[in-house]
Structure formats: structure tokens, C-alpha cells
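A quick write-up on the structure given underneath.
Number of protein chains: 2
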Amino acid sequence: MSLQALSSEYYDLNGTHIEVLEEPPTALEFSRLVHISRPVLIRGVQIPTVRLWDDDYLAASMGEAEISVAVTPNGHADAVTRGPDGKLYFVEPHLEKMKMSEFLGPKVRGEPHRSEIYYLQSQNGNVYSNRFFEGAPDPSEFEALRPDIPSEIPWCSAAFGRSPDAVNLWIGNHESVTSIHSDPYENIYTVVRGSKHFTLLPPAEGWCLQERMYPHAKWTRESSNAALAITASPNFSIRWASVVDPDIPGNLPPEAHPIRVSIEAGESLFLPAGWWHHVRQSDETIAINWWYDMEMRGMSWVLLSFLRGGGDVPYGNDADASDNDGQEPL
Amino acid sequence: MSLQALSSEYYDLNGTHIEVLEEPPTALEFSRLVHISRPVLIRGVQIPTVRLWDDDYLAASMGEAEISVAVTPNGHADAVTRGPDGKLYFVEPHLEKMKMSEFLGPKVRGEPHRSEIYYLQSQNGNVYSNRFFEGAPDPSEFEALRPDIPSEIPWCSAAFGRSPDAVNLWIGNHESVTSIHSDPYENIYTVVRGSKHFTLLPPAEGWCLQERMYPHAKWTRESSNAALAITASPNFSIRWASVVDPDIPGNLPPEAHPIRVSIEAGESLFLPAGWWHHVRQSDETIAINWWYDMEMRGMSWVLLSFLRGGGDVPYGNDADASDNDGQEPL
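So the sequences go chain by chain: A and B.
First residue of the first sequence? That's 1 in UniProt numbering, and the numbers climb one at a time after it.
First residue of the second sequence? That's 1 in UniProt numbering, and the numbers climb one at a time after it.
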């Protein structure tokens, strides 16, 4: 049986159904859902203090603290992008330090002809990292907001039998997009303000995304006022999906069955390990996510690797796969 | 990546480790173990009343009730066996009705030159079937023993979120063997007396067993005193492992990593859905098992089918696979 046949059987059995819970599950109920490993929309995950989070509160709480913000000319951080030489690169964003008040101010939100997109998406455990849970020093740019952000979701930690590996704060608007990818983490994603729009593919349909090796690059600028440009990182390649935006008609083969789900303020998404996700957001969206290590024992990890086609994939710039990626040369 | 490579990665990650619990898990702990889907030896599953189960108690409790016992000339019920025509058949046992006192008496246990092997292994929910849990009439040959046999294991039912599909009583001795096979059920197997010896292979190593299609047959006798003979069932084939006994050296390829575990009286084995198992027992072993439906949502079912190589397998009598099966012509 091929990967194609396997994904077809998976779809025949599961369709595009996602479970909706009107209130958070118990740890035991959640443990069963983790075993099923399909996305779940969960309402009623209460984080009381974040209701206070208007811009003034955030700016005042954070004060002079500097935060790392991703800057790109196109809103696509960590995405396959065509470079000036016509080649495709996996391009990391430029990182810029600024105060929360600056990030939330007109420089970032100024309309209409701003040429750069700012997205707070540092996703390195920017609120709590695994060091925090190990009792080690864990400095955070968002130290001042920690009293508002629970380090754990009790029913998740109980179900997984462990503390999170990372807790992240995300702030961005409709111009910021996360290209489709998967993480080896169980993910609880809670929207505090605005709404997040996910396009999801199950691990079984990963072959539809044509992962390829792309040379690594970063958005950089020569001086603080210069325009961003792509700078290649020598001898460093990244495996990434060739299909950058699954929402563009024709980008996915007919065998793919994307699930589109919007998470509104006050709602949470359980995104199981290995699920492919492309993420957009409406204006001014704030979200918090808790990443938990996936269970490595048993079949889950081996299966995710298998469904990605194993260890070796072709180079993206050699393959025809890059012809229909919807990327314009810069 | 091939099935061979997948099973190799599974072995590299998991080895042949099986978890041993000194006391039964909580429902939540068990739910996590179900997700890992590896065998677990569990001590301390208490079924107080079965401690009374000596032969006299069983015979007296069951009285005149008739029970269905599997009879074969070789102790191999439900096994691939070479018929008098030289062909291999999947042969079901002859079923004989008798009283418990007769089954436990010298006819069955008479030594040493008895020509037939009796095994109580009806495994059709012989104590409780799904009808019982649905509140429907559920007549059982072992009605008289029901007060001694809990219909559910509380932490299992809570973890699975459902009642069992079937509860079975097994009584046999060292002459009775169950050929290697897998079931689409989560299985809790508790030994009451004696010991069960399992040889296990993970679903990922199923390809090592070379499933083939075998014509179906039954052990039958022409009259009540006649010897058992194989009678083929026309136009009816069964998919079964060609490797009948994985404990015979050379029967398994070197890529297989069998796990051998003995379950003693008072111990239980959690045998996850899809795990291949060959089962022997020491003298006069009594066991009870609870089968729970496996979770059909998500990937588990699709994966088990995939690991068995999908829908079509060759016919066993056409293939070279039958040459090294260790079966002698009758």
C-alpha cells in the first residue's frame, strides 16, 4: 500500500470532521482525544487575567522591556521565498528589538503603505521555556506578563503526564502568515483577541505538500534604515513544504483534504503533533500556545517520520515542484 | 520508506522493552499506556472470588451445564495445518459439548497417551458478550461463574470510555497452543491459575509473519468415536500468518524481534490491538480476558491495515512461504 492509498483510507475513515467541545475536557477525556490525534476546537478555556489585555495594559505592563519581533517585507516569516537570483530559499525573518509600546504603535500598525510587516512570533518558549519547568533560570522578554499567563493547562499536563516544553505569546495582524509546516509537539493554541484561521492537513496527507530541501537564508539589512534583503546562509539547508500556501486554488493535489477552522477569542485549538498547519489571522490577533513534547515511545514518532517519506527528499531548486509554488521573484 | 525500514525504526526506538506495573494503573495512567500501545505486565489486578477456583469448586458451580470445548489431535486450534492432500489449511477445532466435571476429569487430563487435546477457548464472549453490556439477553455457558467474574475492569472501561466487547474464560494445559495472530481489540488478559507464555511481535513486524490466504477447514469426526479428520469448507478462505510457531528457530526472519513474556497467576497482560501473539501455557492454566473495541477514529485502524500490507495477500498453497512453516503432513 502506498502513502497515497494510506492517506485515502485515513480520509475515508475520518473525513474532515473536527470535534468541538463546549467546555474543556477532563484530563482523561483529553487523553483519549490525544490518542485519536485529530484537531479539537475547545471552548471555555479560561485565562481570566488576559481579558485585561488591551493595548494600554500591555504597553504599560511591559514598560521599557525589549521584545524580539520578526520583520519581513511580505509577512511570510519562515517561508520558502524566491530570492533575487531566481532560486528558492527558506527565509527566516529579520529580528528587531523594540518596546511593546513601539510594537503596538503606529510604526507597526501604520496604514496604508507600510513596506514591512512585524509579527511577534519568536516561538522559542518566549514566555516559559523548558528551563522554567526544570526549575532553572528562564529569563523571558515577557517576564512582566507572566503573572497573566498560566505556565500550564492543568488538564493537558495531567493527560500528558508532563509540563509543557514551551509557552509562547503571538501578536500579529492580517498581514502576517505562517507557511504550512508541522511540529513534533502536541499544541494547545488559545486565542486571546481577534481570530486565527488555520488550514490543516493530517500527517497522512503530508506527501501532498512535497517537502524539499531549500537553502537557508535570512532577511537582513545592511544598516538600520536599509531595505530588507535575502542573505543566504552558506552550506545550510532546511527541509520544508514546497506548497507554501495551501489556500491558493491548485496548490494542493486533489487527494488533499484541507480542514479550515477559525479560532475566535476565547477558543482554543488542540493541534496534535505532526498535523500540518498554515495560519493566518484577522486584524490584531493575540494568542498563547502551550507546546507539550509528544509521546516518543510506541509508534507515533516513527509514523510521523514514515508519513513524511523518511529521511531523504530532493532539493527544491532542482525539482519541478518549485514551478507551481505561487512565488513571484522578488 | 518500506515496511521493513519502518519496523526497523520502530525497533530502534522501542527495543523489546515492556513496562511492568506493580499495581493496576489509574484510568488516566492506563489511557497514556494505550496511546503508547505497547504490552504492559500488570500485577495486582484483584479478582477476589477466583481464588476459590479449584477443580471441585468449578465442577460444583457449573453442575450439569454444558460447555463448548475445542478438540484437536495436535493442540493447535485455529491454526494453519497440512491436510492429508498435502495442502495447507486454516483448520478450526472440532467443538464438543461436555460438563465442566467431565472437562476437568481424566478424559481431558488423562495421561500419557491420549490422542486428542481439549482446550476451553471458545472466545466468543463466552462469559459476557456485547449483548450483556447493551442490556440485551446474553445467555452464557458460564452463567454459574458470572458472580465470580467481573464484567468490566474499572480502570480499563474508564480509559477506553466504553464497556468491553467480550469477556472470555480460557482453560487449557501445556498441550494447547494458540497460533500467532493479531486481534483488532485492546486486550486485558488475567491469569487465574498456572502461567501463560506469550511470544509477541509489534504490528510493525507483521510483515515478518507472511500472511497468506488459506482454504478454511474444520476438524470433524464421522461418528462420536471416530478419529478427527480435516474437512475442507468449500469456497471459503482465511487470511492467516504462514509462520505458525515463531518459537521454532529459523521460522522468523532476523528482522523480527519477538518479545517473550510469561504471565503468572495473579498477573495481567495488557496486549494492545494489533499486536501479534503466540500463546502457550503451563499445566492447567485458567485465564480470563477482557476485549475492548479499539479506537477506530484517527490513524490506529488504518495503520494496522497498512502494516499488514493492505488488502491482498497471495494464496499460501501457491507460495514458497509454506515451505518453511515447520508443518509435517498428517
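The beta carbon of each residue, even a glycine, is placed where N, CA and C say it ideally should be.
Counting only beta-carbon separations shorter than 7 Å, does residue i have a partner in chain A?
i, result
"residue 308 of chain B", "no"
"residue 1 of chain B", "yes"
"residue 302 of chain B", "yes"
"residue 161 of chain B", "yes"
"residue 31 of chain B", "yes"
"residue 239 of chain B", "no"
"residue 295 of chain B", "yes"
"residue 9 of chain B", "yes"
"residue 27 of chain B", "yes"
"residue 21 of chain B", "no"
"residue 95 of chain B", "no"
"residue 271 of chain B", "no"
"residue 6 of chain B", "yes"
Does any residue of chain B have a CB that is nearer than 7 Å to the CB of residue i?
i, result
"residue 36 of chain A", "yes"
"residue 13 of chain A", "yes"
"residue 298 of chain A", "yes"
"residue 52 of chain A", "no"
"residue 104 of chain A", "no"
Helix, strand or coil for residue i? Go by DSSP, reduced to three states.
i, result
"residue 180 of chain B", "strand"
"residue 290 of chain A", "strand"
"residue 151 of chain A", "coil"
"residue 113 of chain A", "Only weak support exists for where residue 113 of chain A lies, its pLDDT of 49 falling under 50; the value from the coordinates is given anyway. In this structure, residue 113 of chain A counts as coil in the three-state DSSP scheme."
"residue 68 of chain B", "strand"
"residue 384 of chain B", "Outside the displayed range of chain B (1 to 330) lies residue 384 of chain B, so it cannot be described from this structure."
"residue 136 of chain B", "coil"
"residue 205 of chain A", "helix"
"residue 13 of chain A", "helix"
"residue 59 of chain A", "helix"
"residue 8 of chain A", "helix"
"residue 166 of chain A", "strand"
"residue 129 of chain B", "strand"
Could you spell out where the beta strand (DSSP E) holding residue i opens and where it closes?
i, result
"residue 213 of chain B", "211-220"
"residue 187 of chain A", "185-193"
"residue 236 of chain B", "229-241"
"residue 279 of chain A", "276-281"
Kindly identify the DSSP beta-bridge partner or partners of residue i.
i, result
"residue 80 of chain A", "A:90"
"residue 260 of chain A", "A:199"
"residue 285 of chain B", "B:172"
"residue 43 of chain B", "B:267"
"residue 120 of chain B", "B:171"
"residue 98 of chain A", "A:67"
What span of residues does the alpha helix (DSSP H) with residue i cover, start to end?
i, result
"residue 301 of chain B", "300-307"
"residue 332 of chain B", "Residue 332 of chain B lies beyond the stretch modelled for chain B, which goes from 1 to 330, so this question has no answer here."
"residue 19 of chain B", "Note, residue 19 of chain B: premise wrong, no alpha helix (DSSP H); beta strand (DSSP E) at 19-21."
Would the C-beta of residue i count as close to the ligand HEM, meaning under 6 Å from any of its heavy atoms?
i, result
"residue 152 of chain A", "In the structure shown, the ligand HEM is absent, as is every other ligand, since no ligand is present at all."
(request) Name, going along the chain, the residues of the stretch 181-212 of chain A whose beta-carbon falls closer than 9 Å to a beta-carbon of chain B. (result) 202, 203, 204
(request) Using a Cβ-Cβ cut-off of less than 9 Å, list which residues of the stretch 134-167 of chain A approach chain B; keep chain order. (result) 158, 159, 160, 161
(message) What are the residues in the stretch 249-279 of chain A lying within 8 Å of chain B by C-beta distance?
(response) none
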